[in-house]
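Undergrad: Numbering (my numbering), first residue to last: 25 to 284.
Dropping the structure in here first, questions after.
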Ligand code: MF3
Ligand code: CO
Ligand code: CO
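Laid out in structure tokens, this is it:
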């Protein structure tokens, strides 16, 4: 995790392709979400869509993860394992898709409303969506990694929410997780400088209550310690000459939650 890989033109072309596929997968998955479907149904859809597009679902067997996508409902912060749980009106669910195409990884996630959210759930999800946007807006050559987290933390906390500490954004490329780490909290002006060609995720996990978490006995599912809601959005981005390019941008607005 110590060497930051700078991607050149050919590598970035490969990253654009896998990131487009990951975003398309998420966009198509959004269309099947609704009350009554199970997180296993989401897994089946993501798995089949990925394979039929010549790619591999990165989560499957990654460090022993048993499924092809992470599905994190309500108080689950991240790494929720698909299973028989049925979605019900009022739930929020993060679907986190990572695809491997020609050896390159694209990583993207969004939180969706099932039916009508409570005002509190809507507040959390919209704050989290904005946190990702604000983090991305900090990215340009010469900026510091700390600028990203500082912007996210300031907005989350000003809006009565907290920032998860235990999981961070990460470099991504031929490895699922590589250097650098991208915390979603911290201080402006701190940390390594961003350089053109760095590719990483920004993926703030924002909680309604406190940031503390614990992991369930399955060894993966991270839940809020206070049982309150958690939301997350994630994009893979590259530092460009001009500023930033979002590699996992969607080609059309998502039906259930207008993700940019
Ligand atoms: N996609 C997650 C991330 O954003 C990682 C999931 S690891 C898994 O970094 F094994 F749970 F899939
Ligand atoms: Co990620
Ligand atoms: Co992810």
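Where a beta carbon is used, it is the ideal one built from N, C-alpha and C, also for glycine.
Considering only the alpha carbon of each residue, which of 166, 204 and 227 lies closest to residue 153?
TA: Within the chain shown, residue 153 is the residue found at index 129, counting from 1. Ranking 166, 204 and 227 by Cα distance to residue 153 puts 227 first.
Undergrad: Taking the alpha carbon of residue 120 as the point to measure from, which residue in 134, 128 and 237 has its own alpha carbon closest?
TA: The sequence position of residue 120 within the chain shown is 96, counting from 1. For residue 120, the nearest C-alpha among the options comes from 134.
Undergrad: Considering only C-alpha positions, which residue in the set 63, 151, 258 and 71 is nearest to residue 182?
TA: Position 158 of the chain shown, counted from the first residue, corresponds to residue 182. Residue 151 is the option with its Cα nearest to residue 182.
Undergrad: Quick one: residues in its chain with C-beta nearer than 7 Å to the C-beta of residue 245, no 5 flanking neighbours on either side, listed in chain order?
TA: In the chain shown, counting from the first residue as 1, residue 245 sits at position 221. The answer, listed in chain order, is 100, 103, 104, 105 and 239.
Undergrad: Can you give me the C-alpha to C-alpha distance between residue 251 and residue 33, rounded to a whole angstrom?
TA: By one-based count along the chain shown, residue 251 stands at place 227. By one-based count along the chain shown, residue 33 stands at place 9. Residue 251 and residue 33: Cα-Cα distance of roughly 45 Å.
Undergrad: Is residue 94 near ligand 3, with its Cβ less than 8 Å from a heavy atom?
TA: If you number the chain shown from 1, residue 94 lands on position 70. At least one heavy atom of ligand 3 is nearer than 8 Å to the Cβ of residue 94, so yes.
Undergrad: Give the C-beta separation of residue 260 and residue 271 to the nearest angstrom, bearing in mind that I take them to be a contact with Cβ-Cβ under 8 Å.
TA: In the chain shown, residue 260 corresponds to position 236, counting from 1. In the chain shown, residue 271 corresponds to position 247, counting from 1. Indeed, because the Cβ distance is near 5 Å, the residues count as touching under 8 Å.
Undergrad: Report the rounded CA-to-CA distance for residue 40 versus residue 167, giving the unit in angstroms.
TA: The residue you call residue 40 lines up with position 16 of the chain shown. The residue you call residue 167 lines up with position 143 of the chain shown. The straight-line gap from Cα to Cα measures roughly 23 Å.
Undergrad: Where residue 221 and residue 86 are concerned, what is the direct C-alpha to C-alpha distance, given to the nearest angstrom?
TA: As a first step, residue 221 must be located in the chain shown, where it is residue number 197. As a first step, residue 86 must be located in the chain shown, where it is residue number 62. Computed Cα separation, rounded: 26 Å.
Undergrad: Given residue 113, which residues of its chain have a CB within under 8 Å of its CB, disregarding the five upstream and five downstream residues?
TA: Position 89 of the chain shown holds residue 113. 59, 138, 139 and 140, listed in sequence order.
Undergrad: What do you reckon, are the CB atoms on residue 291 and residue 159 nearer than 9 Å?
TA: Because residue 291 is not part of the residues shown, which for the chain are 25 to 284, the question remains open.
Undergrad: Just to confirm, are residue 232 and residue 185 a CB contact at a threshold of 9 Å?
TA: Position 208 of the chain shown holds residue 232. Position 161 of the chain shown holds residue 185. Yes.
Undergrad: Confirm the yes/no value for this check: CB of residue 123, any heavy atom of ligand 3, distance under 8 Å.
TA: Along the chain shown, one-based indexing puts residue 123 at 99. No - ligand 3 has no heavy atom lying nearer than 8 Å to the Cβ of residue 123.
Undergrad: From this set, 70, 28, 202 and 98, which residue's C-alpha is nearest residue 48's C-alpha?
TA: On the chain shown, position 24 is the one that residue 48 refers to. For the residues 70, 28, 202 and 98, the minimum Cα distance to residue 48 belongs to 70.
Undergrad: Starting from residue 224 and walking both ways along the beta strand (DSSP E), at which residues does that stretch end?
TA: Residue numbering aside, residue 224 sits at position 200 when the chain shown is read from its first letter. That run of the beta strand (DSSP E) goes 223-226.
Undergrad: Of the residues 61, 65 and 219, which one's Cα is nearest the Cα of residue 266?
TA: For the purposes of this step, residue 266 is identified with residue 242 of the chain shown, where counting begins at 1. For residue 266, the nearest C-alpha among the options comes from 219.
Undergrad: Please state whether the Cβ-Cβ distance between residue 173 and residue 163 is less than 9 Å.
TA: Counting from one through the chain shown, the residue named residue 173 turns up at place 149. Counting from one through the chain shown, the residue named residue 163 turns up at place 139. The answer is no: Cβ separation not under 9 Å.
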